[in-house]
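Peer 1: Residue numbers for the sequence shown follow the numbering used here, so the first one is 550 and each next one is one higher.
For glycine and all other residues, C-beta sits at the position ideal for the given N, C-alpha and C.
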Amino acid sequence: MTQKPGLDGAYALQSKDDNRRLYADWAETYDSDFVDAMDYRLPFEVARQFAAVGGEGPVLDIGAGTGAVALHLSKLGVGPVDGTDISAEMLEIARGKGLYSRLFTGDVTDRLDVADAAYRGVLSAGTFTLGHVGPEAIDELLRVLAPGGVMVISVNARHWDSSSFAAKLESIKAKIDDLAMPEVAIYGPGATGEHATDLALIVTFRKR
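(1) Looking at the unbroken alpha helix (DSSP H) that takes in Glu732, where does it start and where does it end?
(2) Can you check the region 577–654 for any alpha helix (DSSP H) of at least 4 residues that lies completely inside it and give the ranges in chain order?
(3) Rounded to whole angstroms, how far is the Cβ of Ala617 from the Cβ of Tyr589, which I believe are closer than 8 angstroms?
(4) Anyone know if the C-beta pair for Thr678 and Leu661 falls short of 8 angstroms?
(5) Looking at Val627: is its Cβ nearer than 8 angstroms to the Cβ of Gly614?
(6) Once DSSP output is grouped into helix, strand and coil, what is the label at Gln552?
(7) For Val693, which three-state DSSP category applies?
(8) Let me confirm a value: Met550 is counted as buried when at least 16 other C-beta atoms fall within 10 Å, else exposed. Which label applies?
(9) Exposed or buried, which one is Ser650 when buried takes at least 16 other CB atoms within 10 Å?
(10) Just to confirm, are Gln598 and Ile751 a CB contact at a threshold of 8 angstroms?
(11) Quick one, are the C-beta atoms of Leu672 and Ile635 less than 8 angstroms apart?
(12) Mark Gly670 as exposed unless 16 or more other C-beta atoms lie within 10 angstroms of its C-beta, in which case mark it buried.
(13) Thinking C-alpha only, which one of Val699, Arg569 and Val584 is nearest Asp610?
Encoded structure:
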């Protein structure tokens, strides 16, 4: 399956190999074609929410891409930040920005190359979305999060409705505190096209 780099192609991904191919092709132009062109606000919202609830480093950025979350965390004085992504090509773009202490390829639907409870914060913007990752990956994020640490992940509202995120959060309620799920716009006023008004839930909690 071959997908043209772009938001429609990203939402239509069906396998890990599809994901790797699309982002390998998109990496060089991702910031200009998507982050800038669509006024992509979600990484800012995730970083802002993390700082607002007192989140601190070390942080692991899941689905780090080209580094948008780390950029906003640096502006908020939060660090150090490590990043992982299924796309080595996207991480190469992020590496050139000098925002991360460590970058490594990883698949959050499998086991990451990370020790248990290694991070005080786990963040993700844009990974839990159509064609990407479902609620089952939350268990792996919990594994690498230290007790007392904060998790902030965005979930595309359409993906939330079509998957079992509510049931997943119910299943882990004995392991977490301070659950909040504010809804935000994924894109700013400069966005155009059929996805310009898409929404996401910013799922925030603290691990017991």
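Peer 2: Let's see:
(1) Within the sequence shown, numbered from 1, the residue matching residue 732 stands at position 183. Careful: Glu732 lies outside any alpha helix (DSSP H), inside the beta strand (DSSP E) at Glu732 to Ala734.
(2) 591–601, 617–624 and 637–644
(3) Here residue 617 is taken as the residue at index 68 of the sequence shown, counted from 1. Here residue 589 is taken as the residue at index 40 of the sequence shown, counted from 1. Their Cβ separation, rounded to whole angstroms, is 7 angstroms, which keeps Ala617 and Tyr589 in contact under 8 angstroms.
(4) Reading the sequence shown from its first residue, position 129 is the one you call residue 678. Reading the sequence shown from its first residue, position 112 is the one you call residue 661. Against a cut-off of 8 angstroms, the Cβ pair of Leu661 and Thr678 comes out as no contact.
(5) Start at 1 with the first residue of the sequence shown, and residue 627 comes out as number 78. Start at 1 with the first residue of the sequence shown, and residue 614 comes out as number 65. The answer is no: Cβ separation not under 8 angstroms.
(6) Along the sequence shown, read from residue 1 onward, the residue named residue 552 stands at position 3. Only weak support is given to the placement of Gln552: the predicted model assigns it a pLDDT of 48, under 50, and the value that follows is read from those uncertain coordinates. DSSP places Gln552 in coil when its eight states are reduced to three.
(7) As a working note, residue 693 is residue 144 in the sequence shown. Helix.
(8) As a first step, residue 550 must be located in the sequence shown, where it is residue number 1. Confidence at Met550 is low in this model, with a pLDDT of 40, below 50, so the placement of that residue should be treated as unreliable; the coordinate-derived value is given next. The residue in question, Met550, is exposed, as its Cβ has fewer than 16 Cβ neighbours within 10 Å.
(9) Locating residue 650 in the sequence shown gives position 101, counting from the first residue. It is exposed - the Cβ of Ser650 has fewer than 16 other Cβ atoms within 10 Å.
(10) On the sequence shown, residue 598 is found 49 positions in, with the first residue counted as 1. On the sequence shown, residue 751 is found 202 positions in, with the first residue counted as 1. Yes. Within cutoff.
(11) What you label residue 672 is simply residue 123 of the sequence shown in a count that begins at 1. What you label residue 635 is simply residue 86 of the sequence shown in a count that begins at 1. No.
(12) Against the sequence shown, residue 670 aligns to sequence position 121. The residue is buried, with at least 16 neighbouring Cβ atoms inside 10 Å.
(13) Start at 1 with the first residue of the sequence shown, and residue 610 comes out as number 61. Residue Val699 is the option with its Cα nearest to Asp610.
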